[in-house]
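Residue numbers (this note's numbering): 3 to 163.
Yeah, the Cβ is synthetic: ideal placement off N, Cα and C, and Gly gets one too.
As structure tokens, the structure follows; a few thoughts come after it.
Right, here's the structure in full:
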């Protein structure tokens, strides 16, 4: 359920179902109460107005979801970039040898990117979008394990022999 596509498809399905039910109830009640008042072109115009109104509401909801989704993805991407930057800086400080700075820079960024992607997979996009904000406690995030670190190091063949 952490996949945004699944959540968006469930939301779209619920909106479509709600629209269909509301439409059916509106027609039934409308026919029972206002039977015979509108005829011909007036009935078609009223139907067209109601469809236009409903489609405008639906478009507004979809636009809001698009903006919220894009903002969430942008915040998560910013958090991943910040994690990679902090990890690379920490790695360069730990190496501490001036002649190995280029090596640490070349090796550090891919390893830190792998770790950040693992962190993203473990915690999800929404949690990572709220990373380092008052809305998300750091203790609520799932930490990386030594096995994750070993996997990222092994991916770039950096494990000690």
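{"Asked": "Buried or exposed (CB count within 10 angstroms, at least 16 for buried), residue 51", "Found": "exposed"}
{"Asked": "Where residue 90 falls, given that 16 or more other Cβ within 10 Å makes a residue buried", "Found": "buried"}
{"Asked": "Endpoints, the alpha helix (DSSP H) within which residue 148 is located", "Found": "148-157"}
{"Asked": "Beta-carbon spacing of residue 127, residue 72 below 7 angstroms", "Found": "no"}
{"Asked": "Exposure of residue 129, with buried meaning 16 or more beta-carbon neighbours within 10 Å", "Found": "buried"}
{"Asked": "Start-to-end residues for the alpha helix (DSSP H) that takes in residue 130", "Found": "127-131"}
{"Asked": "Nearest candidate by alpha-carbon position, reference residue 134, set 112, 123, 118, 84", "Found": "84"}
{"Asked": "Where residue 42 falls: helix, strand or coil (DSSP)", "Found": "coil"}
{"Asked": "Secondary structure of residue 87, DSSP reduced to three states", "Found": "helix"}
{"Asked": "Helix, strand or coil at residue 144 [DSSP, three-state]", "Found": "coil"}
{"Asked": "Sequence-distant residues of its chain with Cβ nearer than 7 angstroms to residue 86 (five each side left out)", "Found": "111, 114, 115, 118"}
{"Asked": "Residue 74 in three-state terms, based on DSSP", "Found": "helix"}
{"Asked": "Residues near residue 158 in its chain [Cβ-Cβ closer than 8 angstroms; skip 5 each side]", "Found": "109, 112, 113, 116"}
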